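Each remark here refers to the structure printed beneath this line.
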Amino acid sequence: MRAALASSAASFIDFPVTVTAASAPAPAPAPAPAPAPTTPSAFAQQVLDLTNAARAVPRNCGATSYAAAAPLTWNAQLAQAAQGHATDMATQNYFSHTSKDGRSFSQRITAAGYTPYRTLGENIAAGQTTPQAVVDGWLKSEGHCRNIMNPSFKELGVGYAYTGTSTYKHYWVQNFGAR
């Protein structure tokens, strides 16, 4: 299910996904992704800052009320998985939580080395041209907002990719986690 953003017919957000596990599942075999930088890119830092600003105040996500939540910290492994998925969606011209090779977000995250974990979540979006636009879109979507405000999440990785020849051009991924 995809929800169109009111600001642009070419901007989409997909349903959010959250997984909680006692132990991480074994990752599917896949090529090793390139290491993520230990510090976020400028766009990723803006998404982290905007996400933490949203978490700093109580808010309603649909019918669910959330108290303010602690800020998320940057995690390079979550970012590696997020960047890999954003780049994959942009270069292969698709939009889904499931990679073209069939891997789920939890498989991509564990393959990036984020193990063991207590809980994981992912938000994806496409078409938004700025960090502000993508975070605003996620906050207007009940499920994405719940991932952003979920106090169980402690860490965040962000991926962004642009490919001028793809359908949505701009692809965004937030990977949330807690160990």
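Position 55 of the sequence shown, counting from 1, maps to 54 under numbering that gives the first Met the number 0, and the rest follow consecutively. From the three backbone atoms N, C-alpha and C, an ideal C-beta is built for every residue, glycine too. Since the model is a prediction, treat every value here as computed from it, not as a measurement.
So residue i and residue j are in contact, right, with Cβ under 8 Å, and what is the actual spacing, rounded?
i    : j    : result
G158 : A85  : 4 Å
A80  : N174 : 5 Å
Which residues mark the beginning and the end of the alpha helix (DSSP H) in which residue i is found?
i    : result
G126 : Counting along the chain, G126 falls outside any alpha helix (DSSP H), and DSSP gives it neither H nor E.
T63  : Unbroken run through T63 is the beta strand (DSSP E), T63 to Y65; no alpha helix (DSSP H).
D48  : A41 to R54
R107 : F104 to A110
Given a threshold of 16 other Cβ atoms within 10 Å of its Cβ, counted over all protein chains shown, does residue i qualify as buried or as exposed?
i    : result
Q82  : buried
G136 : buried
P115 : exposed
S95  : exposed
L119 : buried
Helix, strand or coil, according to DSSP, for residue i in the structure here?
i    : result
T72  : strand
G158 : strand
N149 : coil
P174 : In the sequence as displayed, the identity of residue 174 is Asn instead of Pro. N174 falls in the strand class under three-state DSSP.
Within the continuous beta strand (DSSP E) that includes residue i, where are the two ends?
i   : result
N59 : R58 to C60
For the 8 Å Cβ check, are there 3 or more pairs between the stretch 158 to 169 and the stretch 95 to 114?
-> Counting Cβ pairs under 8 Å, fewer than three are found: no touch.
Specify whether the stretch 51 to 64 and the stretch 111 to 131 touch according to this definition: at least 3 beta carbon pairs, one from each stretch, less than 8 Å apart.
-> Contact between the stretch 51 to 64 and the stretch 111 to 131 is absent: fewer than 3 CB-CB pairs across the two stretches fall below 8 Å.
Three or more C-beta pairs below 8 Å linking the stretch 87 to 101 and the stretch 64 to 76 | no
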